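Q: Protein chains in written order, with the numbering used here: chain A, 9 to 304; chain B, 40 to 362; chain C, 33 to 353.
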Amino acid sequence: MSENPLPLEKENEVYSRKSWWGEVWGRLYLNKMAMAGLAILIILVLAAIFADAIAPFGYDDQNLNETFLRPSLSHLFGTDNFGRDIFSRILYGARISLTVGLFSVSISVVAGGLLGAVSAYYGHMTDNVIMRLVDVFLAIPGILLSISIASALGPGLMNMMIAVGIGSLPTYARVTRAAVLSIKEQEFIEAAVSVGASNFRVILRHILPNCLAPIIVQATLGVASAILVAASMSFIGLGLEPPTPEWGAMLSVGRPFIRDHWHIVTFPGIMIMFTIFALNVFGDGLRDALDPRLKR
Amino acid sequence: MFFEIKDLSIHYSTGGNTFKAVNHIDLSVEKGQTIGLVGETGAGKTSTALGIMNLVPNPPGRIVSGEILLEGKDILKMSKIETRRVRGNRISMIFQDPMTSLNPTITVGEQLSEVIRVHQKASKIEATLKAKEMLETVGISGDRYGEYPHQFSGGMKQRVVISMALACNPELLIADEPTTALDVTIQAQVLELMKKLKNDFDASMLMITHDLGVVAEICDSVAIMYAGEIIEFGSLEDIFDSPSHPYTVLLFGCVPDIDSDVKRLTPIEGLMPDPSRLPEGCHFYPRCPKRIPICAGEAPVNVEIGDGHKVKCFLFGKGAALN
Amino acid sequence: MFAYIAKRLLMMVGVVLGVVFVVFTIMYITPGDPAEIMLGETATYAEKETLREQLGLNEPFLVQFGNYSKNLFLRGDLGISYTTKQSVSSEILERFPTTLMLAVLGVAVAVGIGIPLGIISAIRQYTVFDNISLVLALTGVSMPNFWQGMMMIILFSVWLGWFPSSGFNTPLHWLMPALTIGTSSAAMIMRMTRSSMLEVVRQDYICTARAKGLKESTVIIKHALRNSLIPVITVAGLQFGALLGGSVITESIFSIPGVGKLMVDAVKQRNGPMVQGGVLFTAIIFSFVNLFVDIVYTYIDPRIRSQYSRKAKKGRKAPHE
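1. Following the continuous alpha helix (DSSP H) through C:M184, name the residue where it begins and the one where it ends.
2. By how many angstroms is the C-alpha of B:H322 removed from the C-alpha of C:R335?
3. Return the residue from the list A:R103, A:R267, A:G173 and A:I148 that minimises the CA-CA distance to A:I57.
4. Under 7 angstroms Cβ to Cβ from C:V321, same chain only, skipping five residues before and after it: list those, please.
5. With three or more beta-carbon pairs closer than 8 angstroms as the criterion, would you say the segment 192-206 of chain A touches the segment 107-123 of chain A?
6. What's the C-alpha gap between A:I94 and C:A241?
7. Please report the distance separating the alpha-carbon of B:T248 from that of B:L76.
8. Quick test of your reading: B:F355 and B:V342, contact by CB under 8 angstroms. State the CB separation rounded to the nearest angstrom.
9. From the DSSP output, which residues share a beta bridge with C:L83?
10. In this structure, how does DSSP classify C:F53 when only helix, strand and coil are distinguished?
11. Thinking just about the alpha-carbon of each residue, which of B:V103, B:I74, B:P137 and B:S86 is nearest to the one in B:I257?
12. Counting beta carbon pairs with one atom in the segment 273-284 of chain C and one in the segment 207-214 of chain C, are three or more of them shorter than 8 angstroms?
13. Should A:I151 be flagged as near chain C, meaning a C-beta pair shorter than 9 angstroms?
14. Does the structure place the segment 146-161 of chain B close enough to the segment 244-257 of chain C that three or more beta carbon pairs sit under 8 angstroms?
15. Taking buried to mean at least 16 other C-beta atoms within 10 Å of its own C-beta, is B:N62 buried or exposed?
16. In three-state DSSP terms, what is B:I331?
17. What residue range is occupied by the uninterrupted alpha helix (DSSP H) comprising A:N271?
18. Using a Cβ-Cβ cut-off of 7 angstroms (strictly less than) and excluding sequence neighbours within five positions of B:D277, which residues of its own chain qualify?
19. Could you compute how far the alpha carbon of C:P63 sits from the alpha carbon of A:M169?
20. Report the neighbours of C:M175 on chain A: residues whose CB is nearer than 7 angstroms to its CB, in chain order.
21. Using CA atoms only, rank isn't needed, just tell me which of B:S315, B:P328, B:P314 and B:P318 is closest to B:I307.
22. Looking at the unbroken alpha helix (DSSP H) that takes in C:H360, where does it start and where does it end?
23. If contacts are defined as beta-carbon pairs under 8 angstroms, then C:S319 and A:A147 qualify, I think. What distance do you get, rounded to the angstrom?
24. Just to confirm my understanding: we take C:T330, look at its own chain, exclude 5 residues before and 5 after, and list those with CB closer than 6 angstroms. What are they?
25. Listed in chain order, which residues of the segment 313-337 of chain C have Cβ atoms closer than 7 angstroms to some Cβ of chain B?
26. When the Cα of B:D186 is compared with those of B:P143, B:F291 and B:L108, which residue comes out closest?
27. Is there a Cβ of chain C sitting closer than 9 angstroms to that of A:T134, yes or no?
28. Between A:L308 and C:E231, what straight-line distance do the alpha-carbon atoms span, to the nearest angstrom?
29. On a Cα-Cα basis, can you pick out the residue from B:P99, B:V103, B:K237 and B:L89 that is closest to C:Y158?
30. Got a sec? Which residues, its chain only, sit under 6 angstroms from A:L49 by beta carbon, not counting five neighbours each side?
31. Give me, in chain order, the residues of the same chain whose beta-carbon lies closer than 6 angstroms to that of A:K303; leave out the 5 immediate sequence neighbours on both sides.
32. Please list the terminal residues of the continuous beta strand (DSSP E) segment that includes B:R101.
33. With a cut-off of 9 angstroms, does the C-beta of C:R258 fall near any C-beta of chain B?
34. Quick check on this structure: which residue in C:A75, C:T57 and C:G310 has the alpha carbon closest to the alpha carbon of C:G98?
35. Measuring only between beta-carbons, confirm whether C:P63 sits less than 9 angstroms from chain A.
36. Which of the three DSSP states is assigned to C:D109 in this structure?
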């Protein structure tokens, strides 16, 4: 460092080549809605990570003397039929929902993306077989597919994430295939092939990085729908077993009491809504930032 | 005077910038006359045309000042209903690109008979018959009434557009680069057709083009436009035989001439100024080979240098004396 | 055109076969002993074994699959419900009209709200109306429909007492379920209509239409709307699938006796044939809807229509000057 003839800022200036991602961030930064979404997401992630420290109660601390309490200072969102603090349960629930969202989308992005990339890259027979298979899966509405798979796999967090992931896998195969097809014909791919890169290397090193943009956008919006599907499944009693504080499950458990205790179902739903809202506006903003031409 | 543009200015504003597309234009058209409006891309020709129809897209565009007088009545001050009665009926327009100026999901015949139904008290059948007749007039079989635009070639589409424009016997026809998007072979056909129909239908015409060949072919008078201004106006002979504004002179230097043995064409140096930052004084001054000190500070005014031949340049009139 | 529909139907048969295989496989690997579900835990091993033999559950996978598809395609038979011991297909068909009604109402809500709001916010771009409808749309997409349903029950049934909270007998019963199932689709259709409309009104042919002296309303409705609906219809078709899936949730909330509720109950009772039948049935309906959407598409866009008829006639007639 001592030999460095330039002061630090100068050095940074030399190295700072405004990267493509830098530009994207610049555009994203100007989008107020997207930044609001990102802020909500960051708060949610922090709440999920530090739930143990923030939550005033444990997620399964029952207190049968204090059931169905209205929201108050000691119980921000009130208590449920077992006297559990809804606010605390919602914080822990953020952990589950975000995990489910991220993990199941990772499954569909990786598996679906690979299928789509292979399909587009090899074309012909391979493409035909894979795409017909995708057609078959797309003919089944996503949530029904997830429900069937979940009932085959049985309850549990892992199984639920797999079910949700497979449910949206075909969509990612389609998106990736379309993106790869548009990149495939470009000359730098030909160049890579002509210098003897293996097929696998071409797909992984040259094609996929160049069609990341649509996949990332699809994935961001996908996390939102994965959370929704997971919550729906818990709501109809598939997936997670009590006392897991999953938001959908909380709504399901609270449902018999809605006539007299509105707060039991109101707050978990609002949390789902906020999360989905944040992911959607952030995803939309990301799409506009990644491809300014598409902007309305 | 049957049609007159007075002091027309059109500005577009986006993101805090104001683009002065058209600046204080005066132009008049007599009955039966064809006037050529010539200029480079971005000179404000299309904006002028849209301005005449009061069709400048707002936002971002806005007609800042001016009058457009059709037999003494200002189109810009008309009510919505009155304006609609003028559009497509008394003044009609042929757009540049026939590929995009027809609606892809409506049959050609319906698009044609629609304009007839709107302006003439015609029943559906009468309008259909008239539409087929119009198609025949431009050399398309009336049987193709029920076909869609994508079933026609570019030249055919432009014929359809022309028949649409003429369907209600307009008094003024505005043609915005009607042949630019067509193949060279078709261009001549379409131009010939327009010339003939214009006479048959006894209409006046404002021909917008950047092609001096087209002008020579069809126009009686010519207005040369630069950076939103008309910088020279005169009869066809005035402009072609004695072009006076340095820009006009240079414009002719860009066109190959078979008769003269010029070795190479002379392009005009530089670019058209950014319409959001027009230079002070004469707008052509930065590119002008004959500029004199006064050009930078003061805007030139029209100087009549012959019978109806007007030039906006300091080399003539007052400026010439200073020189 | 006819050849096109025939070709599409053929492709659909392939897809349906695939769906049958996939769904059957999923159910095959689902744990749980059907015989025990049907007979209860008290049944003896011999009793269960006899039933298994009777249902053909001891056959190898492919044989079972063969039997299932044979029954399905030849007789429309989807097997026997484990819980009610009734024919699955007749139970589904009995409840299908209700679900169809719900789905159609959902589409009506989605299209009826989505398209007009989309058009208006496109025409009034960047106005207060546009901004409000953007927020509404984002909220609509973000609300889980089951939660929306419960909130409406709390507000309109419990607090205000305007609408009944369950059942599906009268139009009064329909409103809340229709809104529950259609809201998010309405939001998506609205956004799609808006952006499509904005794209279309910039086109030259809209300027042509105005230059003809047409009324602004004619320009929008006759010239712009039709063109801007082309992408919207694709979205609406896909939304119908989401709606069919959404019926599972909506029917549970409002206790509507439709196919969705049937399936949810079947999942809970591990009633394999019923789940299988319900998923299959829904997938087939969805495929038909997609076919229908594609046909509507060709009706609206003549370019697509002639593409197909030209393919069929193979270059008999080319456009000529």
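Ideal placement from N, C-alpha and C gives every residue a C-beta, glycine not left out.
Just so you know, these numbers come straight off a predicted model, no measurement behind them.
A: On the basis of the data shown:
1. DSSP places C:M184 inside the alpha helix (DSSP H), whose first and last residues are N177 to M184.
2. Computed Cα separation, rounded: 46 angstroms.
3. Of the listed residues, the one whose Cα sits closest to A:I57 is A:R103.
4. Once the five neighbours on either side are set aside, the close Cβ partners of C:V321 are G269 and F272.
5. The answer is no - the segment 107-123 of chain A does not touch the segment 192-206 of chain A, with fewer than three Cβ pairs under 8 angstroms.
6. Straight-line measurement puts the Cα of C:A241 at about 59 angstroms from the Cα of A:I94.
7. Rounded to the nearest angstrom, the two C-alpha atoms are 6 angstroms apart.
8. Taking the Cβ atoms as the reference, B:F355 lies roughly 4 angstroms from B:V342, within the contact range of under 8 angstroms.
9. C:L83 pairs with nothing; no bridge assigned.
10. If DSSP states are grouped into helix, strand and coil, C:F53 belongs with the helices.
11. Nearest option by C-alpha distance: B:I74.
12. The segment 207-214 of chain C vs the segment 273-284 of chain C: in contact.
13. Closer than 9 angstroms: yes.
14. Yes: the two stretches touch, three or more of their Cβ pairs being nearer than 8 angstroms.
15. Counting Cβ neighbours within 10 Å, B:N62 comes out buried, since at least 16 surround it.
16. Coil at B:I331, not helix or strand.
17. Correcting the residue identity first, residue 271 of chain A is His in this sequence and not Asn. Per DSSP, A:H271 is one residue of the alpha helix (DSSP H) stretching across H271 to L298.
18. Leaving aside the five residues that flank B:D277 on each side, the residues in its chain whose CB is nearer than 7 angstroms to its CB run, in chain order, G345 and H348.
19. So the alpha carbons of these two residues sit roughly 18 angstroms apart.
20. Contact annotation for C:M175 against chain A: M281 [CB-CB distance below 7 angstroms, chain order].
21. Out of B:S315, B:P328, B:P314 and B:P318, B:P328 has the C-alpha closest to the C-alpha of B:I307.
22. Residue 360 of chain C lies beyond the stretch modelled for chain C, which goes from 33 to 353, so this question has no answer here.
23. Between A:A147 and C:S319 the Cβ distance is about 5 angstroms, and since that is below 8 angstroms, they are a contact.
24. Excluding sequence neighbours, C:T330 sits near I336 and R337.
25. The segment 313-337 of chain C vs chain B, Cβ under 7 angstroms: I332, D333, P334 and R335.
26. It should be pointed out that residue 186 of chain B corresponds to Glu in this sequence rather than to Asp. Per the Cα distances, B:P143.
27. With 9 angstroms as the cut-off, A:T134 does not count as an interface residue toward chain C.
28. Coverage of chain A is limited to positions 9 through 304, which leaves residue 308 of chain A absent and any answer about it impossible.
29. Answer by Cα proximity: B:P99.
30. Excluding positions up to five away in sequence, the list reads A286.
31. In this predicted model, A:K303 has a pLDDT of only 44, less than 50, meaning its place in the structure is not dependable; the value taken from the coordinates is given anyway. Its chain contains D296 as the residues whose beta carbon lies nearer than 6 angstroms to that of A:K303, once the 5 sequence neighbours on both sides are disregarded; these appear in chain order.
32. Annotation for B:R101: the continuous beta strand (DSSP E) segment containing it runs G100 to L109.
33. For C:R258, the answer is yes, since a Cβ of chain B falls inside 9 angstroms of its Cβ.
34. Closest by C-alpha distance to C:G98, out of C:A75, C:T57 and C:G310, is C:T57.
35. Yes - at least one Cβ of chain A is within 9 angstroms of the one on C:P63.
36. Three-state result, C:D109: coil.
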